[in-house]
Amino acid sequence: MRQNIFNTRQRAEEIIKEAVAIWQRGFNSEQLEGIEQDPVFSLFMTALAYQANEIDNEVEQLQEEILDELTRLLIPYEKIHPLPATALVEVQLDDRIPELPLDQRNGFILPDTSYGFIPLLKTRVINGEVQSVVRVDNRRWKVSLKLKGAIKQLSGMTFLIGNPHFQDLKLYANGVMLPLIKPWDYTDLPLNECFSLNNMIYNKSLTYQASNSWFDLFAQQNARLFYIDSHKGSDRPFDRLELTFEFIGIDDQFTFDKEQLSLNATILANVAQRSVTLSAAAPIARLSSEGNKQQFLHLIAPDDNQLYPEVPVEIRRVATDRFNAERLTRLASTLVSRFSSDYYAFQKIEVLREGKFMEQFYTLLKKISDGLSKSSSELTSSLYLLLKNDRGFHPKEVSLQVNYLTTDGSSVNSDLNAKSNFAPLANTYIQSVRQLANPMPGYDEIQSENAQDNLARYYMITNDRIVTPADVKILCYNELERRFGITSEMIAGIKVKQAQKAERHHYGFETQVYISLTENAYIKRNFTDKIPMTELILQKMIEVRSTNVFPVVVNIEVVQSDPSKSA
């Protein structure tokens, strides 16, 4: 507590003087002489001062709790809660089946592990192969497909272009342009039902809602994956088809052949769908497994045939760690402080007169503190699903089935790499699954109070959000001068652009920042050896201040001074 004994005594003397001054202005003021030295009067005023200080402390504590809750709300969802690992794969079907809908019912597993994956997108796998790719002119290629079975249209099919050196794509079938959902329009992609943005937590919990993190997972994978949208198909089924790929904005490094075209590409996410039944007899269910090996993501709204969809449920952190070890200690300390500060005000309560009660309370508090300090490292935060009861001791007899999603977080990272193989969980006529790029790792939920405080503090003081390339430039100018003393006169130029990344396993758009510094004695002496560190710092600062849709690459080079260049 901020108040101390000196402040309390000082406040008591001020109250005594104020009280005496008021009485002296009233009638019979001559009878009040020496009352400020009366021990009983002084004791009464001291107790009053204790209460005044305690009110101030309660207001201060309330403000701290409100600010603490506010800081928790300021932290972005993906910075605290777990994120599943993802893998970009190509799915091939058995020759016995011409096509297969691919959704959350099709599960995959990493061999020799218990880590499961389900598709992020709801797609249609068409069993076929690319027979030939022939260049027609400087930007068009004719692709011949041979299918295992006759179909009427390609709606729901996906494909991936391996070469990133193009800006746009148009697709034609028999002279008719097919509608495409392109990777930069990823918010229009058909997510699986369990990932849908309409699938929010149906008790309107802002903390554990689905959010738009699934779209972010697709963007972070940064793949040139195209989805053929719904369109009118052919009147007659076909088993052979010629497609025309028209690429826009290609450069000299662009090539297109059978190796660069992957059919039936999709993204697998390390997510499992689970179910629990709540009733009046069993109103509580744990959502996370022991040790947080299966970490909670979000609930799935009940089906229309659910008997009691209107029954309210709530997600809460319960058990010993509900307040966190540090908060539990502070709560006990607050109780002791309130009893001790109001000690004189409770003299009419028999159990408090001799002071033994407070001694016992201090002893109990010490046991609690010692126990928390010894076991704080063993406490793991857990989420529980609670069935609300609005009828007191006579709960309504209901049975509510609740579905939810979990992920393995970072534990899957040690077994997931570019060479990992995926196997279908059941006989779904899937012959093989081949990875097309490096997988994205998974992340655990941040449970440390200090880590959450640091994140909240950072997001409270960070007001320089990045939206446009101009924002990136201003940030680089300011940070170079503030951190390293490099003024604008020492900067030859800063260029920001969206470009394609050239590496095979990291294709797609990325934000590239090129910083050119003029060659002078100060930069040679004090900054040249710090360039790699500065590039990493600026990269991370741009990522956390932007939407983080595309990867960020910062390149700093020292060039000879050129008056023709402007900053």
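In my numbering, the protein residues as written are 179 to 745. Idealized CB from N, CA, C, for every residue including glycine.
- Note on geometry: alpha-carbon atoms of Leu583 and Leu369 lie some 15 Å from one another.
- Pairing Leu446 with Phe600 gives a Cβ-Cβ distance under 8 Å.
- When the beta-carbon positions are compared, Phe337 and Ala265 stay at least 8 Å from each other.
- Within the same chain, Ile715, Leu716 and Met719 come within 8 Å of Glu657 by CB-CB distance, once the 5 residues on both sides are set aside.
- Comparing alpha-carbon positions, the option among Val674, Leu603, Thr291 and Val736 lying closest to Arg703 turns out to be Val736.
- Short of 6 Å from the beta carbon of Ser724, and not among the five residues preceding or following it, lie these beta carbons of its own chain, in chain order: Ile644.
- Residues Pro415, Phe416 and Asp417 of the same chain have their beta carbon placed closer than 7 Å to that of Ala328, with the five preceding and five following residues left out of the count.
- For Asp346, the beta-bridge partners assigned by DSSP are Ile426.
- Around the beta carbon of Gln538, fewer than 16 other beta carbons sit within 10 angstroms, so the residue counts as exposed.
- Per DSSP, the unbroken beta strand (DSSP E) holding Gln309 starts and ends at Gly306 to Arg313.
- Residue pairing of Leu358 in beta bridges, as defined by DSSP: Ile406.
- Among the bridge pairs identified by DSSP, Ile329 is matched with Phe416.
- Bounds of any beta strand (DSSP E) do not take in Gln438, whose DSSP letter is neither H nor E.
- Judged by beta-carbon spacing, Val308 lies beyond the 8 Å limit of Leu278, meaning their Cβ atoms are not closer than that value.
- The beta carbon of Phe662 sits closer than 8 Å to the beta carbons of Asn704, Phe705, Lys708 and Thr712 from its chain, once the five residues preceding and following it are set aside; these are given in chain order.
- Residues of the same chain with a CB within less than 7 Å of the CB of Tyr621, apart from the 5 flanking positions on each side, are Pro260, Leu261, Gly587 and Ser588 in chain order.
- Secondary structure in the stretch 276 to 301: the beta strand (DSSP E) runs of 3 residues or longer, each lying completely within the stretch, are 277 to 280 and 294 to 297 in chain order.
- Leaving aside the five residues that flank Thr665 on each side, the residues in its chain whose CB is nearer than 8 Å to its CB run, in chain order, Glu659.
- In this structure the stretch 690 to 698 lies against the stretch 727 to 734, because at least three pairs of beta carbons, one per stretch, are closer than 8 Å.
- At the C-beta level, Val580 and Leu441 stay beyond 8 Å of one another.
- C-alpha of Asn231 to C-alpha of Ala629: approximately 32 Å in a straight line.
- The beta carbon of Lys330 sits closer than 6 Å to the beta carbons of Gly411, Ser412 and Pro415 from its chain, once the five residues preceding and following it are set aside; these are given in chain order.
- For Arg612, the pairing in a beta bridge is given by DSSP as Glu268.
- Separation of Gln438 and Ser322 (C-alpha to C-alpha, rounded to the nearest whole angstrom) is 14 Å.
- A distance below 6 Å between beta-carbons, with the five flanking residues on each side excluded, links Leu603 to the following residues of its chain, in chain order: Gly285 and Ile287.
- In the three-state DSSP reduction, Met335 falls in the coil class, being neither helix nor strand.
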